[in-house]
Structures are given as structure tokens and as C-alpha cells.
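If you're matching them up, the sequences are chains A and B in order. Quick note: the first sequence uses UniProt numbering, first residue 1, plus one each step. Quick note: the second sequence uses UniProt numbering, first residue 1, plus one each step. For each residue, glycine too, the CB sits at the ideal point set by N, CA and C. Please read all numbers here as calculations on a predicted model, not as lab measurements. Reading through the C-alpha cells given below for one structure.
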Amino acid sequence: MTGLTLLIPLALGCGLMGLAAFFWAMRSGQFDDMQGAAMRMLDDGEEG
Amino acid sequence: MATRALLPEPEPRVDTRESLLAVPGIHCAGCMAKIENGLPRVTGIESARVNMDAKRVAIRHDPALSPPELKAALARLGFEAEPLADPGVDVAAAENRSLLRALAVAGFAAMNIMLLSVSVWSGAEGATRQMFHWLSALIALPTVAYAGLPFFRSAWAALRQRRTNMDVPISIGVLLTTGMSLYETATGGAHAWFDGAVMLLFFLLAGRCLDGLMRSRARAGVAALLKQTAPGALVLDGTGQSRWTKADALRPGMRMLVAAGERLAADGRVLSGDSGLDISFLTGESAPVRVRTGDAVQAGALNVAAPLTVEVTAAGADTVIADIARLMEEAGQGKSRYVRLADRAARWYAPCVHLLAALSFAGWMIAGAGLHQSLLIAVAVLLITCPCALGLAVPAAQVVACGALMRQGVLVKDGSALERLAETTEAVFDKTGTLTLGRPVPRHLDRLDAEDRSILLALAQASRHPLSTALRQALEAQGVRPAALGAIREVPGEGLFAEHSGVPVSLARPRSLITLFELASEYRHGADVHLLPFTDAIRPDAAETLAALRSAGLKTLIASGDRPEALEEIARATGTTAIGRLRPADKLALIDRLKAQGQKVLMVGDGLNDGPALAAGHASMAPASASDASQLTADIVFLGDRLAPVAIALRAARRTVRVVKQNFALAIGYNALAVPLAIAGKVTPLVAAVAMSLSSLVVIANALRLKGAAK
Numbered sequence: 001m002t003g004l005t006l007l008i009p010l011a012l013g014c015g016l017m018g019l020a021a022f023f024w025a026m027r028s029g030q031f032d033d034m035q036g037a038a039m040r041m042l043d044d045g046e047e048g
Numbered sequence: 001m002a003t004r005a006l007l008p009e010p011e012p013r014v015d016t017r018e019s020l021l022a023v024p025g026i027h028c029a030g031c032m033a034k035i036e037n038g039l040p041r042v043t044g045i046e047s048a049r050v051n052m053d054a055k056r057v058a059i060r061h062d063p064a065l066s067p068p069e070l071k072a073a074l075a076r077l078g079f080e081a082e083p084l085a086d087p088g089v090d091v092a093a094a095e096n097r098s099l100l101r102a103l104a105v106a107g108f109a110a111m112n113i114m115l116l117s118v119s120v121w122s123g124a125e126g127a128t129r130q131m132f133h134w135l136s137a138l139i140a141l142p143t144v145a146y147a148g149l150p151f152f153r154s155a156w157a158a159l160r161q162r163r164t165n166m167d168v169p170i171s172i173g174v175l176l177t178t179g180m181s182l183y184e185t186a187t188g189g190a191h192a193w194f195d196g197a198v199m200l201l202f203f204l205l206a207g208r209c210l211d212g213l214m215r216s217r218a219r220a221g222v223a224a225l226l227k228q229t230a231p232g233a234l235v236l237d238g239t240g241q242s243r244w245t246k247a248d249a250l251r252p253g254m255r256m257l258v259a260a261g262e263r264l265a266a267d268g269r270v271l272s273g274d275s276g277l278d279i280s281f282l283t284g285e286s287a288p289v290r291v292r293t294g295d296a297v298q299a300g301a302l303n304v305a306a307p308l309t310v311e312v313t314a315a316g317a318d319t320v321i322a323d324i325a326r327l328m329e330e331a332g333q334g335k336s337r338y339v340r341l342a343d344r345a346a347r348w349y350a351p352c353v354h355l356l357a358a359l360s361f362a363g364w365m366i367a368g369a370g371l372h373q374s375l376l377i378a379v380a381v382l383l384i385t386c387p388c389a390l391g392l393a394v395p396a397a398q399v400v401a402c403g404a405l406m407r408q409g410v411l412v413k414d415g416s417a418l419e420r421l422a423e424t425t426e427a428v429f430d431k432t433g434t435l436t437l438g439r440p441v442p443r444h445l446d447r448l449d450a451e452d453r454s455i456l457l458a459l460a461q462a463s464r465h466p467l468s469t470a471l472r473q474a475l476e477a478q479g480v481r482p483a484a485l486g487a488i489r490e491v492p493g494e495g496l497f498a499e500h501s502g503v504p505v506s507l508a509r510p511r512s513l514i515t516l517f518e519l520a521s522e523y524r525h526g527a528d529v530h531l532l533p534f535t536d537a538i539r540p541d542a543a544e545t546l547a548a549l550r551s552a553g554l555k556t557l558i559a560s561g562d563r564p565e566a567l568e569e570i571a572r573a574t575g576t577t578a579i580g581r582l583r584p585a586d587k588l589a590l591i592d593r594l595k596a597q598g599q600k601v602l603m604v605g606d607g608l609n610d611g612p613a614l615a616a617g618h619a620s621m622a623p624a625s626a627s628d629a630s631q632l633t634a635d636i637v638f639l640g641d642r643l644a645p646v647a648i649a650l651r652a653a654r655r656t657v658r659v660v661k662q663n664f665a666l667a668i669g670y671n672a673l674a675v676p677l678a679i680a681g682k683v684t685p686l687v688a689a690v691a692m693s694l695s696s697l698v699v700i701a702n703a704l705r706l707k708g709a710a711k
């Protein structure tokens with residue numbers, strides 16, 4: 001039982017963290033241009 | 001503003017504006033880097049950011065820069081661009097995002113509750129089970145309140161109008177199950193159904209999200225192709241200065257300068273200039289119409305030859321274009337009354353399910369089972385019959401079919417379009433731009449020898465005139481290599497002149513012949529003169545496609561705004577009756593007449609003159625070369641020079657509807673097996689969870705068979 005009081009909040013906390021990360025990513029527009037993001041990393045950025 | 005100094009004072013950088021331009025030509029990382037690094041070097045442009053998905057560039061710039069200047073800056077980098085009007089708030093995208101958020105919450109909750117439920121099913125008892133139930137309730141209650149909202153809202157809207165849809169049984173099922181589980185938890189009962197309720201929401205939201213994503217993907221594809229027709233014009237003021245004015249600020253009496261290659265932003269009368277106007281969007285005729293001083297011109301017309309000065313006579317909502325838009329709006333209202341397959345199924349499914357639950361409640365009460373026991377069984381019946389598979393049956397099939405069609409270059413804008421397309425009984429085609437390519441294609445090129453062809457290609461490459469472009473495309477397709485020319489010069493309104501090994505060559509306006517109904521240009525090589533006639537070529541597979549439609553049981557008809565003589569050839573080639581000289585309102589009347597005869601009409605058209613007919617048709621398709629309004633109105637847009645996508649889409653739509661009906665049968669068959677168990681009181685939360693997942697998987701697997709539907 002003592003293990004459960006530690007492990008269940010831990011499991012829920014991990015899940016909530018993932019959920020929060022997903023919400024944050026969506027709010028900051030990271031899913032708006034999926035193709036662009038994939039290609040942007042190939043840009044050498046000659047002038048930043 | 002008229003007294004503004006010629007040299008504008010340098011303005012503070014804070015005062016910038018953002019403009020959106022559609023750039024369909026972006027396709028790789030190189031293009032993106034070129035635009036994002038190249039544009040800020042232009043004075044007045046602060047930054048540029050490319051969106052690959054939408055094929056758009058957002059430019060932050062000095063307000064003094066006008067849209068044509070931005071367009072020119074992109075053209076210097078080698079990209080064709082069209083300014084987009086203020087995008088406004090994208091309602092559909094916001095809805096998709098909120099659905100996705102609900103799906104994420106439901107997914108998180110379903111996984112965690114399942115984790116707790118599995119331990120209960122494996123034998124947790126007493127205080128541990130009680131704690132797990134409470135924890136599940138703690139997760140499930142906020143989730144149902146948040147993730148269930150889209151369903152509750154839609155169900156409430158339907159009930160208020162005294163109708164029922166798929167969301168009504170879903171909402172009642174979810175709410176009753178949650179309420180009952182909460183009661184069980186509070187009274188220390190053995191079974192809680194939180195996992196079932198949340199999993200149901202998760203599966204249904206997955207279906208809705210797929211549906212929404214598919215639609216917004218198709219819509220983004222269409223938006224990328226759209227060319228905003230003249231967002232404004234250069235207006236001359238009293239002092240002879242010209243100033244960029246937005247289309248909505250144009251007033252009758254203003255004088256606008258229209259350069260060759262620009263579209264008119266308002267209706268007007270020509271004050272000076274002599275040019276050709278492409279008004280194919282209005283009449284469907286592909287040859288430009290000659291306009292001179294005093295002639296009336298319409299907004300949206302493309303000036304193809306020389307600059308014009310036009311006095312505005314009507315702007316904004318008074319233009320001919322706006323009239324057609326109003327006609328389209330009225331014609332499209334019939335379509336919004338269409339009831340989708342899933343909702344039609346729900347009309348009889350929902351009452352059945354509720355009756356069944358009520359009957360099993362009453363039956364157990366009469367058998368003396370007690371209120372609590374009877375209610376539990378009624379909830380189990382509701383949960384088992386909740387249209388989980390039914391909710392996935394339609395979107396899963398449609399998403400797979402639309403994905404397959406999209407790979408073939410057919411963009412389906414919404415799922416109900418496939419249902420409507422499958423029901424059509426008669427196909428009406430426009431001619432120009434639909435059965436034909438809608439652009440000039442040179443004839444008799446084979447009469448020239450190889451040397452002349454390579455000279456011709458070199459000449460055509462030097463100009464952006466529509467006829468030169470057509471020549472270039474045709475010659476490049478034949479694999480001709482351009483010859484080396486010297487001293488190339490383009491004389492506006494005349495043609496191209498150059499030298500080839502000392503002999504003067506030219507591609508110019510015909511000197512001798514007055515071509516009335518045909519476009520032509522003249523190729524001269526020394527003393528040799530060749531006339532190159534152009535025609536609007538019929539799409540390569542038009543005849544086969546119409547034959548395929550007929551063998552699929554559809555009647556076919558051609559309805560055009562063109563002269564009847566111009567229709568003869570195409571009517572003979574396709575073996576189809578053709579009606580000519582139809583104005584937009586006539587086409588609309590034709591569709592209405594066919595409707596009155598009980599036909600369900602598939603309208604295929606491209607011009608603005610087809611707009612009202614596209615809106616009125618039971619289903620409608622437009623090629624990607626169509627006018628903006630037509631692409632926005634049509635249910636389905638297809639890319640490329642071939643007409644085959646019309647037949648492909650029809651076949652895929654019919655197969656999709658077949659699979660959807662199979663899915664309904666599967667879902668109902670599963671219910672026929674599980675409901676007796678539920679009524680007998682033998683369904684535990686474990687059985688419900690397994691049954692629900694299994695039926696969803698079966699339905700999705702069946703839908704995946706549509707992957708090759710667009711062949």
C-alpha cells in the first residue's frame with residue numbers, strides 16, 4: 001500500500017506532464033507548419 | 001495624403017504591417033531559405049516567414065510598400081506570388097485544435113483509468129478497490145465535462161430543434177454511465193464504468209479529429225491554389241500621381257491604371273488604351289475580347305495586352321461579380337439541408353436503443369430485481385449499444401477514401417461530398433476549362449522542321465505572353481532544345497524579334513490575317529512566314545471519362561456559355577448533347593429543371609459563370625485551374641490536365657458508401673450479439689471494454705480496405 005501512495009501520484013504526474021507539454025506545443029503553433037519545420041533544419045542560415 | 005512629400009520620411013521601424021502572399025511554387029528547403037533570406041534584403045521589408053503547409057509567406061514590411069511591390073520582390077527571387085486578402089480568423093482550424101485538445105485529455109484519462117481498472121479486474125478488493133474507484137472518478141469527472149463538451153453541445157442543439165442525431169445517444173450514454181458509476185463508487189459497489197465512458201469519448205473524438213483533419217488538409221490544398229482577384233488598383237489622383245488603393249476603398253468616378261497582366265478590381269469604362277481582356281471567368285470563352293475607349297469592363301477581367309486607364313463605375317457589392325456571388329449564395333442553401341448518412345442512421349437507431357434500455361429496466365423491475373439492479377442493467381445496455389463503432393464507421397471510411405483520392409490529385413472538401421457524389425444520376429459539364437483545358441494550345445507545330453522548332457522555343461522562352469508560354473510548354477513537351485539566338489528584344493503589343501546566324505527571326509502578331517474566332521501568332525524566319533493557330537484543346541481523356549460515367553449509369557450533358565458552333569466538335573467527340581449560350585442564371589435554371597425531374601445532378605465546371613450551378617448541384621467538382629469562387633463552391637477539386645478524376649472520384653465515392661453501409665451492418669451485428677448479454681445482466685465493465693475496442697477495430701480494419709479505392 002505504501003508503494004501505491006508513491007507510485008500512483010508519480011504515474012499520474014508523468015501523464016499530466018506529457019499532456020501539459022502537448023498543450024503548450026499546440027498553443028505555441030508548433031503544429032501549424034509540419035512540412036516547413038522538417039525542412040527548416042536543412043537551412044544552413046547564411047545570415048541567421 | 002495628396003500633399004504628401006515625394007520622398008517619404010524614414011518611418012520608425014515599429015510601424016510595420018504584415019501581409020500574406022500565396023506562393024504555390026514553394027516546395028523545398030532551398031525555396032524557403034531563398035525567400036526568407038532574400039526578402040529582408042529588399043528595402044522596406046523587415047522579415048519574411050514561410051509556411052510550407054499552406055504555401056504562404058507572411059511578410060512584415062513598411063506600410064508604404066504596396067502588394068504589387070511585394071509581388072515584384074518575390075518575382076525577382078523567381079517565385080510567382082498572389083497577395084491574399086486579410087485571412088481573418090480561421091474558424092475551422094480553431095475547431096480542429098479544440099477537438100485535438102479534447103482528444104489528448106480523453107486519451108490521457110482513458111490510459112490512466114484503464115491502468116486502475118485492470119488492477120480492479122485482477123482482483124483488488126476492499127479499501128484498495130474503493131481507492132482505485134475514487135481515483136478513477138477524480139480523473140473521469142473533469143474529463144467527461146471537458147472532452148464530452150463537443151458531443152453535449154451538438155446533442156443539445158439537435159434536441160432544441162426537436163431533432164435527434166448521433167450525439168444524442170452518445171451524450172445520454174456517457175452521462176448516465178458516469179452518473180451511475182459515481183453512485184456505485186459512493187455506495188462502495190463492485191463495478192464502476194468510468195473506463196468505459198472515457199474510452200468511448202476517446203474513440204469518438206478520434207473519429208471526429210480524423211474527419212476535421214481531412215477537411216482542413218483539403219481546404220489548405222485548395223487555398224494554396226487560390227488567386228485573389230485584384231485586391232486593389234493603382235488610382236490616379238488629380239495631380240497625376242498614382243496611389244495603391246484597396247478594392248474596398250474604390251469609389252465610382254476614380255480613375256485606375258491597369259497594367260498588362262493585372263486583373264481589374266472594379267467595374268468601369270475604358271478612358272484610354274486599346275487592349276484585350278480575358279473575361280473567360282464570366283463567359284467561358286477563351287479568346288480575349290478587344291476593348292477600346294468607351295467600352296464597359298467588368299471587375300475580375302484579366303488585362304492581357306496593353307495598359308488601360310479605366311474610370312470606375314461600380315465597385316464592391318455593386319459589381320457583376322458580386323451579383324453572381326449573391327446568386328451562388330442563394331443556390332447553395334439547398335445543399336445545407338442535406339442530412340448525412342450517419343445522422344439518418346441515428347434517426348431510427350437512437351429511439352431503438354433508448355426503448356431497449358427502458359424496456360430492460362422495466363422488465364427487471366417487473367421481475368422484482370429492485371431499482372438499483374434494474375438501473376445498472378439499463379446503463380449496461382446503453383453503454384453496449386452506444387454507437388462507438390457507429391461513430392467511427394463513417395469518418396474512418398471517408399478519411400481513408402479521401403486520403404487515397406488526395407494521392408491521385410483529387411481534393412475532397414468534406415465527407416458528405418462523397419455521400420452526395422455517390423447518389424448522383426446525371427452529370428452536367430461546362431465546356432471551356434472543364435472539358436477543354438481552358439488555355440491555348442498551338443496546332444500544326446509538326447509542319448515546322450527541327451531547326452525552326454528550336455528557334456521558336458528560344459523565342460518563346462524570352463516572353464511571358466500567354467501564347468509564348470503555351471508554345472514553350474508544347475515544344476518542351478516534345479523534347480525540343482532551344483537554339484542560340486542573338487539580339488532578342490520584345491516589342492510590347494508586337495512580338496519578339498531576334499537573329500539566328502545572321503537571319504532575322506520573329507514571333508509576332510499576324511500581319512495579314514484577321515483572326516476572328518481564333519488566336520494566332522506568326523513565326524517568320526527570313527522570308528518564310530508560318531501562321532501558328534492556337535485552339536483550346538479538349539482534355540486528353542474527356543471522351544473516355546464521359547463514356548465511363550455513362551457506363552456507370554449517369555446521364556451526361558454539356559452546358560456552355562459558348563456559341564453553339566463552337567460546341568459541335570466537342571459534342572461529336574464525346575457523344576453528348578450540348579446546350580450553348582447559357583448565362584449563369586440559365587445554367588442555374590437548367591439544374592433546377594433537372595432537379596424537378598427527380599435527377600440528382602453532378603455539376604462539373606470551372607468558370608465564375610458556373611458558380612451558381614455548382615452551388616445548386618447535388619454534388620459539384622471543379623478543376624484546379626478554375627476561378628476562385630468556383631473552387632470554393634465545389635465539393636471536390638481535381639488537379640492536372642486529365643478529366644479522369646471525375647470518374648475515379650465517382651467510383652471511389654460509391655465504394656466508400658458501400659463500405660460505410662457494411663460498417664453499419666457490422667456495428668449492428670455486434671450489438672445483436674452483445675445486447676442480449678447486457679439485458680441478461682451478464683455484462684461487466686471488463687466485457688464492455690473488450691467489446692467496445694473489438695468492434696471499433698473491426699470497423700477501422702474494414703475502412704482500411706478503401707486504401708486502393710482511387711484506382
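- Of the listed residues B:L507, B:A483 and B:T432, nearest to S463 (chain B) (C-alpha basis): B:L507
- Query: Does V105 (chain B) come within less than 8 Å of chain A when only Cβ atoms are used?
  - Reply: yes
- Task: Using three-state DSSP, classify G196 (chain B) as helix, strand or coil.
- Result: helix
- Message: Which same chain residues end up closer than 6 Å to P12 (chain B) when comparing Cβ atoms and leaving out the 5 residues on each side of it in sequence?
- Response: Annotation note: pLDDT 46 at P12 (chain B) (below 50); position unreliable, coordinate value reported separately. Nothing meets the Cβ criterion.
- Query: Should P540 (chain B) go down as buried or exposed, given a rule of 16 or more other Cβ atoms within 10 Å for buried?
  - Reply: exposed
- Message: Does L557 (chain B) come out as helix, strand or coil in the three-state DSSP assignment?
- Response: strand
- Task: Count the other C-beta atoms from every protein chain shown that fall within 10 angstroms of the C-beta of P529 (chain B), then say buried if there are 16 or more, exposed otherwise.
- Result: The question names Pro, but residue 529 (chain B) in the sequence shown is Val. Exposed, because fewer than 16 other Cβ atoms sit within 10 Å of the Cβ of V529 (chain B).
- For T16 (chain B) and P63 (chain B), the rounded distance between their alpha carbons: 6 Å
- Is the CB of G36 (chain A) under 8 Å away from at least one CB in chain B? yes
- Message: Does any residue of chain B have a CB that is nearer than 8 Å to the CB of G3 (chain A)?
- Response: no
- Straight-line CA distance for L7 (chain A) to C14 (chain A)? 10 Å
- Query: Checking contacts by CB at 8 Å: is R97 (chain B) closer than that to chain A?
  - Reply: yes
- Message: Using the Cβ count rule (16 or more neighbours within 10 Å means buried), how would you classify H372 (chain B)?
- Response: exposed
- Message: Could you pull the DSSP bridge partners for M523 (chain B) from this structure?
- Response: Sequence inspection shows Tyr at residue 523 (chain B); the Met mentioned does not correspond to that position. Looking at the DSSP assignment, Y523 (chain B) forms a beta bridge with B:L507 and B:H530.
- Can you find a CB in chain B that lies within less than 8 Å of the CB of L19 (chain A)? yes
- Which of the three DSSP states, helix, strand or coil, is assigned to S47 (chain B)? strand
- Item | Residues from the region 387-403 of chain B in contact with chain A, defined by Cβ distance under 7 Å | none
- F108 (chain B) versus chain A: which residues are under 8 Å apart at the beta carbon? G15, L16, G18 and L19
- Flag L42 (chain A) as yes if its beta-carbon sits less than 8 Å from any beta-carbon of chain B, otherwise no. yes
- Proximal residues, the UniProt domain "HMA" (17-82) of chain B versus chain A, C-beta separation under 8 Å: C28, A29, M32, A33, E36, N37, V50, N51, M52, D53 and A54
- What is the residue span of the alpha helix (DSSP H) that P68 (chain B) lies within? P67 to R76
- For the beta strand (DSSP E) that D32 (chain A) lies in, which residues bound it at each end? Here D32 (chain A) belongs to no beta strand (DSSP E), and DSSP marks it neither H nor E.
- If we ignore side chains and look at the alpha-carbon of each, how far apart do V89 (chain B) and L149 (chain B) end up? Low confidence applies to V89 (chain B): its pLDDT is 49, below 50, so where it sits in the model is not reliable enough to give any reading.
- Task: Leaving out five residues on either side along the sequence, give the residues of the same chain with a beta carbon under 6 Å from the beta carbon of L643 (chain B).
- Result: R539, D541, A542 and T545
- Item | Which listed residue (B:H525, B:D211 and B:R651) has its alpha carbon closest to that of V503 (chain B) | B:H525
- Within chain A, the residues that L643 (chain B) reaches when beta carbons sit closer than 8 Å: Chain A residues near L643 (chain B): none, gap ~29 Å exceeds 8 Å.
- Which term fits E426 (chain B), buried or exposed, when burial requires 16 or more other beta carbons within 10 angstroms of its beta carbon? buried
- Message: Check whether the region 673-691 of chain B and the region 192-201 of chain B are in contact - that is, three or more C-beta pairs closer than 8 Å.
- Response: yes
- Query: Which two residues bound the contiguous alpha helix (DSSP H) that contains P288 (chain B)?
  - Reply: P288 (chain B) -> no alpha helix (DSSP H), and no H or E assigned at all.
- Would you say M111 (chain B) reaches chain A, if we count a Cβ-Cβ gap shorter than 8 Å as a contact? yes
- Under a CB-based cut-off of 8 Å, is L12 (chain A) close to chain D? Within the model displayed, chain D is absent; protein chains A and B are what it includes.
- Message: Which residue wins for smallest C-alpha separation from R101 (chain B), given the options B:V320, B:A566 and B:A147?
- Response: B:A147
- Answer yes or no: does any C-beta atom of chain A fall closer than 8 Å to that of R101 (chain B)? yes
- Query: How long is the line joining the alpha carbons of R269 (chain B) and P440 (chain B), rounded to whole angstroms?
  - Reply: 28 Å
- alpha helix (DSSP H) segment containing F664 (chain B), residue limits: A644 to I679
- Cut-off 6 Å between Cβ atoms - residues of its own chain near R472 (chain B), not counting five sequence neighbours on either side: A460 and Q461
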